[in-house]
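In the working numbering, the protein residues as written are 140 to 329. In this text, a Cβ means the ideal position worked out from N, Cα and C, and glycines have one as well.
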């Protein structure tokens, strides 16, 4: 089973080392990890004039070639998961394949959003949390936007939420391993 390893890990200073470690853990569970930066011959990508579009085409080709996806949904540059990762998760879900995710921040999305907004977050006259523009916040107790949690649940996937020390926010892989264990069981039919 080939597993696309989605997440903002590509932005880490040691992205290649993270890719190698995630692939090693996949192999321990009888899975083949595919990292977004892995080379993939793609005539359309190779012909693309702009580097960003070539990257997009290669990542989409990787996703199409994989059997499942595990997403690092740890909040990235704000209260929510990385937008590119969320796109990839939705793309794989639309293909009807297993999607799983983990976050190294256990607090729910509403709490993280209120913290991020600071004093701009307030309760309106109806008692709902809103931002500085009066726009309502999601308050479902979920890990992130309901479409992310819902997509994983609808795929019968797993979403692992755990708090880790801040220094290990991008390197702690216990949640990732829990997702791999679930995929290995799925691959074995149980």
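Query raised in the report: Taking Cβ to Cβ, would you say residue 248 is nearer than 7 Å to residue 212?
Result: no
Query raised in the report: Nearest-angstrom Cα distance between residue 169 and residue 322?
Result: In a straight line, the C-alpha of residue 169 is about 10 Å away from that of residue 322.
**Report entry** Boundaries of the beta strand (DSSP E) in which residue 300 is found, first to last residue
**Finding:** 298-300
Query - Endpoints, beta strand (DSSP E) assigned at residue 228 - result: Here residue 228 belongs to no beta strand (DSSP E); instead the alpha helix (DSSP H) covers 222-233.
Query raised in the report: How about residue 237 and residue 207: are their beta carbons less than 7 Å apart?
Result: yes
Report task. State the beta-bridge partners of residue 209 as determined by DSSP. Result -> Bridge partners of residue 209: 144, 239.
Report task. Would you please state the rounded distance, in angstroms, between the beta carbons of residue 141 and residue 200? I believe it to be under 8 Å. Result -> About 12 Å; that fails the 8 Å criterion.
Requested in this report: Taking 7 Å as the cut-off, decide whether the C-beta atoms of residue 270 and residue 256 are in contact.
Outcome: yes
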